[in-house]
Each structure stands twice: as structure tokens, then as C-alpha cells.
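Reviewing the structure listed below.
In the working numbering, the protein residues as written are 651 to 1151.
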């Protein structure tokens, strides 16, 4: 049927209006919609799809984006804009935004200050250690307190009449971030972040079984951790029984409970646990180091919040300033080893200059930067810097936008060298060995119960550079099954060639 001439203009106007309206809805990160694949691309699509339907992951919520960095072409996508739990791949957002905010050469400062004069080697007052959030002191990206003590002794200090006080007021009070699971908090992965952090805020507990089954084992800790309150709920099991020991930082309790069983006659078990209040932990360890080096300390160690009247660190004389490693150096263990404490510290660098670097201020800075990169608020819902929260949600497409922005073809930038290398180091050291992905894939892992993610870069058999984000949430099988499916996809990317076989 022909349209009457009078209708044609009206229909054309409606079609134009619909076109404009649809175009206005196309928001979010720019994406190249793949054309219908054929030949090698069709086979790649088929193989990736098959991996997502493997036993153990068939019921998972999958989100996958594979983008060619060389051609600007989308090779594969599945639920590219769906919000999924990123786990530790969220650290990629924290680091990228922090670099944009302060640069790779940024360093944290921590100062030792005296509230009174030093006369003939005697500090007539308190020693205050004031932090700014350095996560690396005594950890994988920094040295311990030995140099600090030697610097004080070099100034002639031999006695402190007062106390050793940890001042954490430069940052909000240490606390679990939103929706952290309480059963994570006793482990090093759930260690609290603050203005003062030492040895990644973790310590070792030794569990020595009793000689008789049914009796409680003996707990012992490092000297600087002796003030950490522990509750011994362990039992000594029969000889040859299974050993299972775990920490519990139970809600509402300041003490850490150790639970489980160790067999009689077995060697002592050693368990790494969260050190509790990071400020008090730091001050206690510093006091222990001073005393151990021959500096007499008359007072005890304190968190500044437990001291009245509260001393003002800014008015005290500076005795020593410690400058951290650069952000480029701190990024290496943060990403390769996926240290949650480092993720929380680095996120705080996103806060606006002059603002107290609270979690909210840091997230506001993150939001501003992601928006500037073309990632709208609807593409992510991040509430912490480490990815430990199950409230975190990110679209795989948003991760790929960040990967595209930070990519360095030379592979020598701090960003590229921080990423774990398949089969070689970091959290990918034991994965994809003996495959085309070994030594060629660099990617950040994410691991939580029933969640596995991987985001990074692959180079195909033809040498084509790809960025990818692969997310599997709420799979029905084991974690090993999910890792196998993800690795199968990544290896296939490394094997991919546009040339017909």
C-alpha cells in the first residue's frame, strides 16, 4: 500500500525523532560493535563461548570484552555493560586514578616528632610518629624501622621520658570498608588500613600443640605483637589428626579468636593474622625497636585517640622524616601480589588536594577521573580501593577502557611491569604454564568465593595487542573450574591468528 503524500512528511519526522532519541541513549564508554564474525574470528567466538559453557561455570554470570589495541576493533563481547563483582581487578581503577592524581613519583611522608626538648640525649616528652597513609613500611615495598632508630641514635637520643604515640589523624580512623565480610577481617587480606601501617598490618602467631589430646595448644607471638589480645579457642587433636587453624575477628570484639585443631605431636603451626588496630600496632613495634636498640623508653605505646589531652603533632619538633618508595615502586607488589592494604592506601591519593583523604573523598576523585575518561557512573559502583567488598560492581567494558588508557606498547611503564605475567610471577605464576599465554599475557587477577576475574593484555600469534576483561560471578562449580575456563579463553587469545588455518 502506498502512503498518501500528506502522510509521508509526518512519517519522516517520526523516524527522524526516533533516530535522535535512540542516539541520545547511547551513553557510556565508546565501543566498537563487532560485525558478524567470519573465518578465524568466527572460530574465536565459538571457542570463547564454549569455555563459558564448560561444566562448573554454565550457570555463572559472565562478562567478557576483548578489544584489539592495534586495530581499535572489538573481537568479542558478552554482557559488556553488565555490572559484575570485580574482586581485586578493582585495584586497576584505584591505581590508574591515583597515577592521574599524583603521578608515578609520589612518595608518602612519615615523621617522628618530639613534644619536648632533647637535653643530653634525653627527650623530655613524648615521641610522636605521625603518618600519611604509607602502606609500605616494613612490607614488600619498603624497609623496616631499623633505619629510623639508627637516625634517632645518631642524634644522640638514648632515653625517652614520655610515651611513644601513634598519630593517625591525617586520615580517617581505621575501619573495615563498606560490606567487607567479617570473616575476612582476621586474615591479612582483611587487615585494616590507616595513616600508620607496618609490615602490611599483619603478624605471625605460633600454635604449639599440647602433649595431650583434648588440651588447648600454646599460643605465642612476635614480641612487638604481645599486646594484641588473643582468645585461644583451639584444641589439641589426637596424633595424626587433621590440622586446621583459622582466625576470627568477631563483630564487636577487639580480641582475635584463634579456632580449630592441631594434632598432638605435630610441629608448631604458624598462622599469619591481621595485627588489629594499625596505629597501636605501629606505635608498639616502634617502642619495641627502640628498646631493643638500647634506647630507654619510660612510657608505654599509645594510639593518639587514647591519650588525653591529645598532643598536637604539628606543633612538635621534627626529629626524623621517612619518605616512602615511589608510587611506581609501591604499585609492583600492590598489583602483582594483590595486597588489599596497598589498594586502600593508593585509592586515598585520589582525594582532592587539601581534603582529608577519607574513603568518600577518594571515591569522589575516582568518579571525576573515570568520567573524564568516558566511563559514566552507571558503569561502576566501587566502594573501596581493594575490591574486597561485595558491594563493588564494574562493567567489563569499563575495565577495558582503563586498560586502553594505561597501555604502553613498550611494556616498560610501571603500569605494565606491575601486572602479573602468566606462568612467571605474581598471582599468575602458576597459571597457563606451557601454553601460548606464558610470558606473553599480563593481567590482574580477582578472587573471591564464587567469583573469578582477570583483566589485562594478551598478544596474539600474529603479534596483535589485545586488551581483555573476563568476569565470572556466581558460578556453580569450584574455583578451579572457573580459573580453568578463564585461562582457556586467555590461552585462546594468545593462540589467535587472523590468517586462516
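Where a beta carbon is used, it is the ideal one built from N, C-alpha and C, also for glycine.
Item: Spatial neighbours of residue 694 within its chain, please: C-beta separation below 6 Å, excluding the five flanking residues on both sides.; Value: 1146
Item: Would you mind giving the Cβ-Cβ distance between residue 836 and residue 923, rounded to the nearest angstrom? I have them listed as a contact below 8 Å.; Value: 6 Å
Item: So what's residue 1098 in DSSP terms, helix, strand or just coil?; Value: strand
Item: What do you get for residue 827, buried or exposed, if any count of 16 or more other CB atoms within 10 angstroms of its CB means buried?; Value: buried
Item: Whose C-beta lies closer than 6 Å to the C-beta of residue 885 among residues of the same chain, with five residues either side of it excluded?; Value: 911
Item: According to DSSP, is residue 718 helix, strand or coil?; Value: strand
Item: If you draw a straight line from the alpha carbon of residue 816 to that of residue 846, how long is it in whole angstroms?; Value: 7 Å
Item: Secondary structure at residue 695, three-state DSSP: helix, strand or coil?; Value: helix
Item: Within the same chain, show all residues whose beta-carbon is closer than 8 Å to that of residue 1054, passing over the 5 residues directly before and after it, in chain order.; Value: 717, 719 and 1117
Item: Expressed to the nearest angstrom, what Euclidean distance is found between the alpha-carbon atoms of residue 782 and residue 761?; Value: 9 Å
Item: Residue 712 to residue 928, Cα distance in whole Å?; Value: 38 Å
Item: Would you kindly work out how many angstroms separate the C-alpha atoms of residue 647 and residue 994, rounded to a whole number?; Value: Since the first and last residues shown for the chain are 651 and 1151, residue 647 lies out of range.
Item: On the three-state DSSP scale, how would you describe residue 1159?; Value: The question about residue 1159 has no answer here: the residues shown for the chain are numbered 651 through 1151.
Item: As a quick exercise: from 809, 1048, 890 and 908, pick the residue whose alpha carbon is nearest that of residue 941.; Value: 809
Item: Measuring only the C-alpha atoms, how far is residue 698 from residue 1139?; Value: 6 Å
Item: What's the C-alpha gap between residue 786 and residue 812?; Value: 27 Å
Item: Am I right that residue 1059 and residue 1144 are in contact with their C-beta atoms under 8 Å? What's the rounded C-beta distance?; Value: Incorrect: roughly 17 Å between the Cβ atoms, too far for contact.
Item: Does DSSP put residue 673 in a helix, in a strand, or in coil?; Value: Note that residue 673 scores a pLDDT of 33, beneath 50, so its modelled location is shaky; the value from the coordinates is reported in the next line. Looking at residue 673 - three-state DSSP - the assignment turns out to be helix.
Item: Applying the 10 Å Cβ sphere with the 16-neighbour rule, what's the burial state of residue 1150?; Value: exposed
Item: For residue 1009, count neighbouring C-beta atoms within 10 Å of its own C-beta (all shown protein chains included) and say buried if the count is 16 or more, exposed if not.; Value: buried
Item: For a minimum of 3 consecutive residues, which ranges assigned as the beta strand (DSSP E) are wholly contained in the region 710–797?; Value: 711–718, 724–728, 759–764 and 777–780
Item: Who are residue 1123's beta bridge partners in DSSP?; Value: 711 and 1101
Item: Tell me, which residues are paired with residue 856 by DSSP?; Value: 870 and 920
Item: Is it the case that the Cβ atoms of residue 926 and residue 842 are separated by a distance below 9 Å?; Value: yes
Item: Taking contact to mean 3 or more Cβ pairs, one atom from each stretch, closer than 8 Å, check whether the region 977–993 and the region 759–774 are in contact.; Value: no
Item: Whole angstroms are fine: how far does the CA of residue 848 sit from the CA of residue 931?; Value: 8 Å
Item: Give, in chain order, every unbroken run of the alpha helix (DSSP H) that is at least 4 residues long and sits entirely within the region 992–1068.; Value: 1009–1022, 1046–1056 and 1064–1068
Item: Run through DSSP, which three-state label would residue 851 get?; Value: helix
Item: Label residue 1085 either buried or exposed according to how many other C-beta atoms from any shown protein chain fall within 10 Å of its C-beta, with 16 as the threshold for buried.; Value: buried
Item: Excluding sequence positions up to five away, which residues of its chain have a Cβ less than 7 Å from the Cβ of residue 1141?; Value: 1082, 1085, 1086 and 1087
Item: Could you give the first and the last residue of the continuous alpha helix (DSSP H) run that contains residue 942?; Value: 928–942
Item: Hey, quick one: how far does the alpha helix (DSSP H) through residue 842 stretch, first residue to last?; Value: That residue, residue 842, is in no alpha helix (DSSP H); it is neither H nor E in DSSP.
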